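Visitor: Below is a structure I'd like to ask you about.
Protein chains: 2
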Amino acid sequence: MLRHMVLLNWSDEATDTQITEIATRLRGLTEVIPEIQAYHCGPDAGINSGNHDFAIVADFATADDYAVYRDHPAHREIITGLIAPIAAGRAAAQFHL
Amino acid sequence: MLRHMVLLNWSDEATDTQITEIATRLRGLTEVIPEIQAYHCGPDAGINSGNHDFAIVADFATADDYAVYRDHPAHREIITGLIAPIAAGRAAAQFHL
Chain A
108 MLRHMVLLNW SDEATDTQIT EIATRLRGLT EVIPEIQAYH CGPDAGINSG NHDFAIVADF
168 ATADDYAVYR DHPAHREIIT GLIAPIAAGR AAAQFHL
Chain B
108 MLRHMVLLNW SDEATDTQIT EIATRLRGLT EVIPEIQAYH CGPDAGINSG NHDFAIVADF
168 ATADDYAVYR DHPAHREIIT GLIAPIAAGR AAAQFHL
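Residue numbers (my numbering), protein chains in the order written: chain A, 108 to 204; chain B, 108 to 204.
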């Protein structure tokens with residue numbers, strides 16, 4: 108099992124409406140990319156200072172399944188159209204569970 | 108359920124032995140901190156460039172349970188004694204599943 112993790116920071120101009128739409132659209136990918144075994148995302152809970160603003164965690168059976176998600180047009184559309192315009196930072200990793 | 112995520116970069120001086128010890132010691136926290144419901148960590152799989160070097164994901168029933176882990180002396184000892192000396196960057200978030 109491969110776990111994919113992304114942490115994002117948003118620009119000061121990002122709105123709650125934009126962030127909610129991103130979360131909704133990302134979660135909807137489970138309906139079009141069957142290679143996704145588990146998918147969770149959402150805003151930082153505000154417990155600690157210095158955190159990133161938004162987290163994404165997705166699980167895949169194999170690295171090939173992850174690549175299907177990474178490169179899927181429905182995913183790229185969300186990245187290009189919704190995330191990139193308001194992203195101010197990104198950290199990521201994939202690791203074997 | 109609260110999911111805690113950390114991504115770390117290591118300094119150029121970090122050795123595989125040190126990183127393996129950190130992973131082993133972190134996983135061992137599940138035996139001394141019963142508030143941990145799930146715990147996974149490991150090195151980046153090397154699929155994408157620009158990734159962080161190491162990932163940690165832990166799940167807790169509540170934010171209070173997460174705080175027990177965050178502040179537990181056995182955890183702080185790993186951070187201070189093993190992680191901090193070789194860490195070159197950190198990104199984190201906690202979010203509600």
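Glycine included, each C-beta is placed from N, C-alpha and C at the ideal position.
Note that this is a predicted model, so its numbers are computed, not measured.
Hey, quick one: how far does the alpha helix (DSSP H) through I193 (chain B) stretch, first residue to last?
Guide: Along the second sequence, one-based indexing puts residue 193 (chain B) at 86. Segment: none, I193 (chain B) is in no alpha helix (DSSP H) and carries neither H nor E.
Visitor: In the structure shown, what three-state DSSP assignment does I143 (chain A) receive?
Guide: The sequence position of residue 143 (chain A) within the first sequence is 36, counting from 1. Three-state result, I143 (chain A): coil.
Visitor: Rounded to a whole number of angstroms, what is the C-alpha to C-alpha distance between R110 (chain B) and D166 (chain B)?
Guide: Taking the first residue of the second sequence as position 1, residue 110 (chain B) is located at position 3. Taking the first residue of the second sequence as position 1, residue 166 (chain B) is located at position 59. If I take the Cα positions, the gap works out to 4 Å.
Visitor: Starting from the Cα of D171 (chain B), find the closest Cα among B:L114, B:Q201 and B:T122 and give me that residue.
Guide: Counting from 1 along the second sequence, the entry for residue 171 (chain B) is found at position 64. Checked all of B:L114, B:Q201 and B:T122; the closest Cα to D171 (chain B) is B:Q201.
Visitor: Please name the residue, chosen from A:E184, A:A121 and A:T169, that lies closest to L204 (chain A) on a Cα-to-Cα basis.
Guide: The residue given as residue 204 (chain A) occupies position 97 in the first sequence. Looking at the Cα atoms, A:T169 is the closest of the given residues.
Visitor: Mind checking the region 142 to 168 of chain A against chain B and listing, in chain order, the residues whose C-beta falls within less than 8 Å of any C-beta there?
Guide: H147, C148, G149, P150, D151, A152, I154, N155, G157, N158, H159, D160, F161, A162 and V164
Visitor: If you check the beta carbons only, do L191 (chain B) and L115 (chain B) fall under 8 Å apart?
Guide: Numbered from its first residue, the second sequence carries residue 191 (chain B) at position 84. Numbered from its first residue, the second sequence carries residue 115 (chain B) at position 8. Checking the sequence shown, residue 191 (chain B) turns out to be Ala, not Leu. Not in contact: A191 (chain B) and L115 (chain B) (Cβ atoms no closer than 8 Å).
Visitor: Taking the beta carbon of P150 (chain A) as the centre, do at least 16 other beta carbons fall within 10 Å, making it buried, or is it exposed?
Guide: For the purposes of this step, residue 150 (chain A) is taken as the residue at position 43 of the first sequence. It counts as buried.
Visitor: Rounding to the nearest angstrom, what Cα-Cα distance links F161 (chain B) and V113 (chain B) in this structure?
Guide: Counted from its first residue, the second sequence places residue 161 (chain B) at position 54. Counted from its first residue, the second sequence places residue 113 (chain B) at position 6. One Cα belongs to F161 (chain B), the other to V113 (chain B), and the distance between them is close to 8 Å.
Visitor: Classify V139 (chain B): buried if its beta carbon has 16 or more other beta carbons within 10 angstroms, exposed otherwise.
Guide: Your numbering for residue 139 (chain B) matches position 32 in the second sequence. It counts as exposed.
Visitor: Pick out whichever of A:S156, A:P141, A:N155 and A:T131 has its Cα sitting closest to the Cα of I163 (chain A).
Guide: By 1-based counting over the first sequence, the position of residue 163 (chain A) is 56. Nearest C-alpha to I163 (chain A): A:T131.
Visitor: According to DSSP, simplified to helix, strand and coil, what is A123 (chain A)?
Guide: Translated into positions along the first sequence, residue 123 (chain A) becomes position 16. The sequence given here places Asp at residue 123 (chain A); Ala does not occur at that position. If DSSP states are grouped into helix, strand and coil, D123 (chain A) belongs with the helices.
Visitor: In chain A, which residues lie with their C-beta within 7 Å of the C-beta of H203 (chain B)?
Guide: On the second sequence, position 96 is the one that residue 203 (chain B) refers to. Simply G149 and A152.
Visitor: For A121 (chain B) and T124 (chain A), what's the separation of their Cα atoms in angstroms?
Guide: Counted from its first residue, the second sequence places residue 121 (chain B) at position 14. Counted from its first residue, the first sequence places residue 124 (chain A) at position 17. Looking at the two C-alpha atoms, the distance is approximately 42 Å.
Visitor: Tell me where the alpha helix (DSSP H) around A181 (chain A) begins and ends.
Guide: Residue mapping note: residue 181 (chain A) aligns to position 74 of the first sequence, counting from 1. P180 to I185 is the extent of the alpha helix (DSSP H) around A181 (chain A).
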